[in-house]
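These protein sequence lines are chains A and B, in that order. Every letter in the first sequence is one number past the one before it in full-length UniProt numbering, and letter 38, counting from 1, is 38. Every letter in the second sequence is one number past the one before it in full-length UniProt numbering, and letter 61, counting from 1, is 61. All C-beta atoms, glycine included, are put in the ideal place defined by N, C-alpha and C.
Number of protein chains: 2
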Amino acid sequence: MVKQLPACPVELTIDLLGNKWKVLIIRDLMDGTKRFGELKKSMEGITQKVLTANLRDMEENCLLTRKVYAEVPPRVEYTLTDTGYSLRTVLDSMAEWGDSYKERVNA
Amino acid sequence: MVKQLPACPVELTIDLLGNKWKVLIIRDLMDGTKRFGELKKSMEGITQKVLTANLRDMEENCLLTRKVYAEVPPRVEYTLTDTGYSLRTVLDSMAEWGDSYKERVNA
DNA sequence: CCGTATCCCTTTCGATACTG
DNA sequence: CAGTATCGAAAGGGATACGG
Chain A
1 MVKQLPACPV
11 ELTIDLLGNK
21 WKVLIIRDLM
31 DGTKRFGELK
41 KSMEGITQKV
51 LTANLRDMEE
61 NCLLTRKVYA
71 EVPPRVEYTL
81 TDTGYSLRTV
91 LDSMAEWGDS
101 YKERVNA
Chain B
1 MVKQLPACPV
11 ELTIDLLGNK
21 WKVLIIRDLM
31 DGTKRFGELK
41 KSMEGITQKV
51 LTANLRDMEE
61 NCLLTRKVYA
71 EVPPRVEYTL
81 TDTGYSLRTV
91 LDSMAEWGDS
101 YKERVNA
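Written out as C-alpha cells, the structure reads:
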C-alpha cells in the first residue's frame with residue numbers, strides 16, 4: 001500500500017501501479033467488470049493471497065470497487081473506477097514502449 | 001534484473017521500469033548526462049548500494065550507458081541511451097496521471 | 001466461491017565500514 | 001569519488017490448509 005502520497009507525480013504513479021500484478025489487473029478490468037475467479041484464471045501464476053492483497057490495495061487507492069453479492073456460493077465482482085480507467089493512456093504508452101523495446105533487442 | 005523477457009508488452013515495461021528509483025533515475029537523466037554523485041545528491045534517501053544496483057540493471061537493459069574516466073579522483077558519468085530517452089512518453093503520461101490523481105483525492 | 005491464516009523462503013534494503 | 005562487502009531487518013511472495 002501507499003502510506004503517504006509522494007509529492008512527485010511520476011513517483012506517485014509508480015507507487016500506485018507498483019508491480020506487474022497491478023498493471024495486469026488494471027488491463028484485465030479495462031474489458032469490464034470481472035469476478036475474482038475470472039481474474040485469477042486469466043492471470044497466469046498468481047496466488048489467491050497475492051491477488052487478494054493487490055485488489056485490496058487498489059480498492060483503497062480508489063482504482064477499483066469491490067462488490068459482494070449475498071449469494072451462496074458467494075460472488076464478488078471487481079470494477080474499475082473512473083480513476084482506474086483513466087490509467088488507460090499510461091498503460092497504452094507502456095505497451096507501445098514495450099513493443100518497440102522488443103524490436104530493438106531482437107534487432 | 002530482468003532474466004527473461006515477458007511476452008506481454010506492458011509487463012515488459014513494468015519489469016524494466018521496476019521501482020520508483022529507476023523511474024526517478026530516468027527522469028533525472030532526461031536533463032542530460034550526470035555523474036554518480038549528482039544522481040545520488042538529487043535523489044533524496046537513496047543509498048549508494050541501491051543506486052549502484054539500479055544503475056547496473058539499467059545498463060544491462062540498455063537504458064543507459066556508463067562511462068568511467070581514468071582520473072583521480074574517479075569520475076563516472078551516466079547517460080541515457082536512445083532506448084532510455086524513448087521512455088519519455090511513458091514518464092510524461094505517468095506524470096500527467098499522477099497530477100490528475102492528486103486533484104481527485106484532494107477534491 | 002472467495003477468501004484468511006500460517007509458514008517459510010527469497011529478495012530487497014538500510015546502515016556501516018572499507019578500498020582503489 | 002565511486003564504488004564493494006557484509007550484516008541484519010523487513011518485505012514480498014509461494015504453498016498449503018482451513019473457514020463462511
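Query - Start-to-end residues for the beta strand (DSSP E) that takes in L77 (chain B) - result: Per the sequence presented here, residue 77 (chain B) reads as Glu, with Leu not at that position. Boundaries of the beta strand (DSSP E) harbouring E77 (chain B): 75 to 80, taken from the DSSP string.
Query raised in the report: For I14 (chain A), which residues in chain B fall below 8 angstroms Cβ to Cβ?
Result: Within chain B, the residues near I14 (chain A) are L17, N19, K20, V23, M94.
Requested in this report: Please name the residue, chosen from B:T13, B:V10, B:L12, B:R27, that lies closest to V10 (chain A) on a Cα-to-Cα basis.
Outcome: B:R27
Query raised in the report: Based on the DSSP output, what are the partners of R35 (chain A) in its beta bridges?
Result: A:E77
Query raised in the report: Between which two residues does the alpha helix (DSSP H) containing T13 (chain A) stretch?
Result: Counting along the chain, the alpha helix (DSSP H) containing T13 (chain A) begins and ends at 9 to 17.
**Report entry** Neighbour list for R27 (chain B) in chain A, Cβ cutoff strictly below 8 angstroms
**Finding:** V10
Query raised in the report: If you follow the beta strand (DSSP E) that T65 (chain B) is part of, which residue opens it and which one closes it?
Result: 64 to 69
Query raised in the report: Relative to the C-alpha of K22 (chain A), which residue among A:V105, A:Q4, A:L91 is closest?
Result: Here the closest residue by C-alpha is A:L91.
Query - Exposed unless 16 or more other CB atoms sit within 10 angstroms - verdict on G32 (chain B) - result: Classification for G32 (chain B): exposed.
Query raised in the report: Given that a residue counts as buried once 16 or more other Cβ atoms are within 10 Å of its Cβ, and exposed if not, what is T52 (chain B)?
Result: exposed
Requested in this report: Rounded to whole angstroms, what's the CA-CA distance from E71 (chain A) to Y78 (chain A)? Just pull it up for me.
Outcome: 16 angstroms
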